[in-house]
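The opening position of the sequence shown corresponds to residue 340 in my numbering, with each subsequent residue numbered one higher.
Before any comments, here is the structure.
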Amino acid sequence: MWPETAYSQKTKQQLEREKKENLKKIAEANKILDETKHKKTATIGKLSVIKQKMVTTTKIIKNVSEEISLLDDEIIETNSIIDALEEDIAKMKAEYASMAYSAQKTGNSIDKLSFLFSAESFNQLMMR
Numbered sequence: 340m341w342p343e344t345a346y347s348q349k350t351k352q353q354l355e356r357e358k359k360e361n362l363k364k365i366a367e368a369n370k371i372l373d374e375t376k377h378k379k380t381a382t383i384g385k386l387s388v389i390k391q392k393m394v395t396t397t398k399i400i401k402n403v404s405e406e407i408s409l410l411d412d413e414i415i416e417t418n419s420i421i422d423a424l425e426e427d428i429a430k431m432k433a434e435y436a437s438m439a440y441s442a443q444k445t446g447n448s449i450d451k452l453s454f455l456f457s458a459e460s461f462n463q464l465m466m467r
């Protein structure tokens, strides 16, 4: 049994040595991580700010697009109103021309009658 014990002790020694080496490596890695942690934190902070700026810029672009769409709708509605008002103006001009013509025709008759009835006497009426 003696050789087996020596063999197993040697293996234990190797394991202990490897364990110490691995612990050293872990300690070195932790040291490097601590050194780069500040750089990483700063980089992650910058990345977060850039990401937030992108999100905000995207929202602004979306809002501007929606505003443009609303303005396009308002322009279309305003043009429709202008067209309707121009049609109303054309109709009113035609009605006014018709009324002016009718007024002139009837106005001459009324003027003649007014002239006749404005006479101060029957004789003056007959003379007119």
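Beta carbons: idealized from backbone N, C-alpha and C, even for Gly.
DSSP-derived helix/strand/coil call for residue i
i, result
"Met340", "Low local confidence applies: a pLDDT of 47 at Met340 is under 50, so the model's placement there is unreliable, and no value is given."
"Ala381", "helix"
"Glu367", "helix"
"Ala436", "helix"
"Glu459", "coil"
Beta-carbon spacing of residue i, residue j below 8 Å
i, j, result
"Ala458", "Leu464", "yes"
Backbone CA spacing between residue i and residue j [nearest angstrom]
i, j, result
"Ala366", "Ile407", "60 Å"
"Thr350", "Ile383", "45 Å"
"Gln443", "Ser437", "10 Å"
"His501", "Ile415", "As shown, the chain starts at 340 and ends at 467. That puts residue 501 outside it, with no answer to give."
"Lys359", "Asn369", "15 Å"
"Thr397", "Leu372", "35 Å"
"Leu409", "Ile428", "28 Å"
"Met466", "Ser441", "29 Å"
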